[in-house]
Amino acid sequence: MVLESCSLCHSTVFKPRVSITNDVYKHLRSTNILPENILSNTSALLLSVEKDIDDYESEIHQLQIRMTDVRNRRERLRTHAENLRSLFSPLRKLPNELLARFFSYACITNDLTGGQGGSAVILGSVCLRWRQLTLACPELWSNI
351 MVLESCSLCH STVFKPRVSI TNDVYKHLRS TNILPENILS NTSALLLSVE
401 KDIDDYESEI HQLQIRMTDV RNRRERLRTH AENLRSLFSP LRKLPNELLA
451 RFFSYACITN DLTGGQGGSA VILGSVCLRW RQLTLACPEL WSNI
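The following block contains the structure:
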């Protein structure tokens with residue numbers, strides 16, 4: 351594989367051995383039998399073309415690996431941005447007393463419909479603050 355430096359980004363890129371010319375079309379259109387020297391040159395050229403194809407496959411594989419890496423880094427950055435945005439959530443600004451009141455309403459069993467309210471266990475599994483708050487409120491655990 352022949353490598354050269356890209357003039358734009360200065361990374362190494364594959365340099366093909368063969369340049370595509372229109373000479374082959376002239377021979378394809380002809381109905382004449384090709385001379386032996388052209389056939390032997392064509393045979394050598396075909397080997398070089400096949401090596402170039404293999405090298406292109408290798409370069410494509412390397413680029414796919416690089417693209418996967420870049421996509422993974424982008425996704426990690428998106429997750430990080432989402433985590434940073436969550437720090438601005440209005441719910442984080444609610445005082446514990448008000449949040450505990452919401453929790454107690456959420457855990458109430460509805461006698462009319464027979465529906466079970468939310469579980470203190472579920473509420474306590476959301477985050478550390480909610481866990482500490484649910485553990486500090488014994489009234490949430492009286493309906494379990």
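Position 69, counted from 1, in the sequence shown is what this note's numbering calls 419; the numbers after and before it change by one each time, with no gaps.
Glycine included, each C-beta is placed from N, C-alpha and C at the ideal position.
Secondary structure at F453: helix, using DSSP grouped into helix, strand and coil.
In the DSSP assignment, the residues bridged to T362 are S355. For L490, no alpha helix (DSSP H) run applies, since DSSP gives it neither H nor E. A direct Cα-Cα distance of roughly 7 Å separates P366 from V352. Between the alpha carbons of F453 and R435 lies a gap of roughly 24 Å.
Between the alpha carbons of L413 and V399 lies a distance of about 21 Å. One Cα belongs to D405, the other to S390, and the distance between them is close to 23 Å. Cα atoms of C359 and R416: separation of roughly 15 Å, rounded to the nearest angstrom. Annotation: the continuous alpha helix (DSSP H) that includes S390 extends over 386 to 436. Taking C-beta separations shorter than 6 Å and ignoring five residues to either side along the sequence, the partners of D402 in its chain run P366, R367, V368, following chain order. DSSP, reduced to helix, strand and coil, places P445 outside both helices and strands of the structure shown, so it counts as coil.
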